[in-house]
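Numbering (the working numbering), first residue to last: 1464 to 1504.
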Amino acid sequence: MIDRSDLVICCIQHKSGGAYRTIQYAEKQCKKIVNFTDETE
């Protein structure tokens, strides 16, 4: 899914688990990431 995406939208609150590892992969692939958790804090 990440490989075929230009933009990744997520709500990651913890720096562990599968979702967090997916975002780390997206960062390595230079994808634009919007984390809604960052918007609400």
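Backbone N, C-alpha and C fix where the C-beta goes; we use that ideal spot for every residue, glycine too.
Residues sharing a beta bridge with residue i, DSSP
{"i": "residue 1473", "result": "1498"}
Identity of the residue in the options nearest residue i by Cα
{"i": "residue 1500", "options": "1465, 1490, 1494, 1478", "result": "1478"}
{"i": "residue 1466", "options": "1488, 1498, 1484", "result": "1488"}
Outcome for residue i when other beta-carbon atoms lying within 10 angstroms are tallied against a minimum of 16
{"i": "residue 1482", "result": "exposed"}
{"i": "residue 1480", "result": "exposed"}
Supposed contact pair residue j and residue i - C-beta distance, whole angstroms, cut 8 Å
{"i": "residue 1472", "j": "residue 1497", "result": "5 Å"}
{"i": "residue 1469", "j": "residue 1491", "result": "Contact doesn't hold; Cβ gap of about 15 Å is too wide."}
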